[in-house]
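Each position in the sequence shown, counted from 1, maps to that position plus 212 in this note's numbering. For glycine and all other residues, C-beta sits at the position ideal for the given N, C-alpha and C. First comes the structure, then the notes that go with it.
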Amino acid sequence: MEKLIIEGPSKLKGTVEISGSKNSSLPILAATALFGEEYTIKNVPRISDVHTMLLLLETLGAEFSFYSNDVHIDTRKISKWEAPYDLVKTMRASVVIWGALLGRFGKAKISLPGGCAIGDRPVDQHLKGFRALGHDTEIVSGYLESFTSNNTGGSYRFEIKTVTGTENLILASIFAKSETVLYNCASEPEVLDLINFLSSLGAKITKTGGTIKIVPVSSLSKQNEPYCVIPDRIEAGTFLALASLPGNDIEITKCAPDDLVSAIEAAESVGSVVKLGDNSISTHPADDLNSISLDTGPYPLFPTDLQAQFMSVLILAGGTSKIVENVFPNRFIHVAELRKLGAKISLDANIASIVGVRGLTRASMQASDLRASASLLIGALSASGRSEIHRVYHLDRGYESIDNKLESLGAKIWRKNE
Ligand code: UD1
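Okay, here's the thing in structure tokens:
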């Protein structure tokens, strides 16, 4: 196991390029299982979650190569429809293979994903949606087993907006016998990216607000040209949080500012002057940060996946800031670790109150989940002295070469075996 060592405080300066989106790459790669063909997907980040998805597809019978950031995948020989426990337990997002296998084979068996560090993460909406659309689904010995009894399409209204739930129902409906309409769908840019990928292969999907209509097709077409995944808005937002800290001077490039409106507003509210290009964001941070209130919510509201990183900015703001976590109410595991740096944060259910401090001092911290790790990294970069972050594999699940990117901005950061 590796740990990260960070010698702070760092003044970061320069340009950073954003990688392709993790949360787009995973469902798009899963979607290649829906119809046996050869596909090229570009701008795929080299992160461990992507490797897990590729391993899952390989276990099912796919063959792939992954050079630089291009995945070439041949899914014609996929013959299995079971996602085993060992892979699903390492990555909850492997649940998106469910819809693809159901759409292709009319059956799928997926290990029940269970909870994770950010709390109980039910899949009841996937289940109810599948049942409403003619896929009988039962939980048997820790597995979700689905069989298509009558894939006539139909409609389902999500009781709560769910990203992977929306993606799963889209995937299962492409080859239905008649039209499917899904209401109250998630509108995250990654859902749109999946729709765009499927549409580029001839799928007939329209999205109007939270309503998605799928007119079935009998097959998908051969890929004419490689599909390029959108930039990772959460990685960009993580660098935006860093760029909002006094003394830093970071230009974020190869990103999609339009997908980051709520995070840009948060950066401006803490006092940064933000300049937007077509694919870039330049930020001039304030010398003294303002305290602010943030409420997380489904897109386009402030993303839960950036809550921890912006908390690491607000611990240095003047006054008291407030964060209300509305998506995953228990997603505050990073708080105990940030307190080790000297942060003053109190919790009351899903509300964090953050009293700004003048400075932070080094600590040894434990990463607990992907985005929490990023917040510890931001905290450690602000703290004076040598900090350590253990269990860095959480960070490697979703950030491509983040230590190299930080080093090129001037951070003193390196890895060491535990
Ligand atoms: C996706 C993202 C994750 C992000 C999350 C919320 C991927 C691979 N992951 O996760 O990074 O943090 O969206 O933006 O895209 N819920 C139910 N029942 C369900 C499904 C979800 O109650 O059947 C609840 C969840 O507990 C949560 C909320 O709905 O409170 C949103 O979760 P959801 O959008 O499903 O998250 P994921 O798709 O797992």
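Apart from the five residues just before and just after R343, which ones in its own chain have a Cβ nearer than 6 Å to its Cβ?
Looking up residue 343 in the sequence shown gives position 131. Hits under 6 Å: T349.
In the DSSP assignment, what are the bridge partners of E600?
In the sequence shown, residue 600 corresponds to position 388, counting from 1. Note: E600 sits in a beta bridge opposite I217 and S576.
Helix, strand or coil for T349 per DSSP?
Walking along the sequence shown from the start, residue 349 turns up at place 137. Note: T349 maps to strand in three-state DSSP.
What do you reckon, is the C-beta of A555 under 7 Å from a heavy atom of the ligand UD1?
By one-based count along the sequence shown, residue 555 stands at place 343. Every heavy atom of the ligand UD1 is 7 Å or more from the Cβ of A555, so no.
Taking only heavy atoms of the ligand UD1 into account, decide whether any of them is closer than 7 Å to the Cβ of V375.
Numbered from its first residue, the sequence shown carries residue 375 at position 163. With a cut-off of 7 Å, the C-beta of V375 is classified as near the ligand UD1, since at least one heavy atom of the ligand falls inside that distance.
Where does G421 land, buried or exposed, given buried means 16+ other C-beta within 10 angstroms?
In the sequence shown, the residue the question calls residue 421 occupies position 209. By the 10 Å Cβ count, G421 comes out exposed.
Residue range of the unbroken beta strand (DSSP E) whose run includes A638:
With the chain running from 213 to 630 in the structure shown, residue 638 is simply not present.
Tell me, which residues are paired with I493 by DSSP?
Numbered from its first residue, the sequence shown carries residue 493 at position 281. Bridge partners of I493: I464 and L488.
What does the Cβ neighbour count give for E371, buried or exposed, with the cut at 16 atoms within 10 Å?
For the purposes of this step, residue 371 is identified with residue 159 of the sequence shown, where counting begins at 1. E371 comes out exposed.
Range of the contiguous beta strand (DSSP E) that encloses R551:
As a first step, residue 551 is located in the sequence shown; it is residue number 339 there, counting from the start. Run containing R551: none in the beta strand (DSSP E); it sits in the alpha helix (DSSP H), H546 to K552.
Whose C-alpha, out of D298, D470, L345 and G341, is nearest the C-alpha of I322?
Here residue 322 refers to the residue found at position 110 when the sequence shown is read from its first residue. That would be D298, whose Cα lies nearest to the Cα of I322.
Quick one: is K234 buried, meaning 16 or more other Cβ sit within 10 Å of its Cβ, or exposed?
Indexing the sequence shown from 1 puts residue 234 at position 22. Looking at its Cβ environment, which holds 16 or more other Cβ atoms inside 10 Å, K234 is buried.
Three-state secondary structure (DSSP) at L246?
Reading the sequence shown from its first residue, position 34 is the one you call residue 246. If DSSP states are grouped into helix, strand and coil, L246 belongs with coil.
Out of curiosity, what's the CA-to-CA distance linking E463 and S412?
The residue you call residue 463 lines up with position 251 of the sequence shown. The residue you call residue 412 lines up with position 200 of the sequence shown. Rounded to whole angstroms, E463 to S412 spans 32 Å at the Cα level.
For G365, count neighbouring Cβ atoms within 10 angstroms of its own Cβ and tell me buried if that reaches 16, exposed if not.
Working through the sequence shown from its first residue, we reach residue 365 at position 153. Classification of G365: buried, given that the 10 Å Cβ count is 16 or more.
Going by DSSP, what residue range makes up the beta strand (DSSP E) through A564?
Locating residue 564 in the sequence shown gives position 352, counting from the first residue. Run containing A564: I563 to V567, per the beta strand (DSSP E) assignment.
Beta bridge counterpart(s) of G197 as assigned by DSSP:
Within the shown structure, residues of the chain are numbered from 213 to 630, placing residue 197 beyond reach of any answer.
Determine the burial state of K617: buried for a count of at least 16 other Cβ atoms within 10 Å of its Cβ, exposed for fewer.
Taking the sequence shown and counting its residues from 1, one reaches residue 617 at position 405. Label assigned to K617: buried.
Any non-hydrogen atom of the ligand UD1 within 7 Å of V300 CB
Indexing the sequence shown from 1 puts residue 300 at position 88. No, the Cβ of V300 stays beyond 7 Å of every heavy atom of the ligand UD1.
Buried or exposed for A295, going by 16 or more other Cβ atoms inside 10 Å?
Locating residue 295 in the sequence shown gives position 83, counting from the first residue. Flag for A295 reads buried.
CB of H338 within 8 Å of CB of W310, strictly
One-based indexing of the sequence shown puts residue 338 at position 126. One-based indexing of the sequence shown puts residue 310 at position 98. Yes, the pair counts as a contact, with Cβ atoms nearer than the cut-off.
Would the C-beta of N235 count as close to the ligand UD1, meaning under 7 Å from any of its heavy atoms?
The residue given as residue 235 occupies position 23 in the sequence shown. At least one heavy atom of the ligand UD1 is nearer than 7 Å to the Cβ of N235, so yes.
Taking the alpha-carbon of S385 as reference, which of S358, L356, E357 and K425 has the nearest alpha-carbon?
The residue given as residue 385 occupies position 173 in the sequence shown. Here the closest residue by C-alpha is K425.
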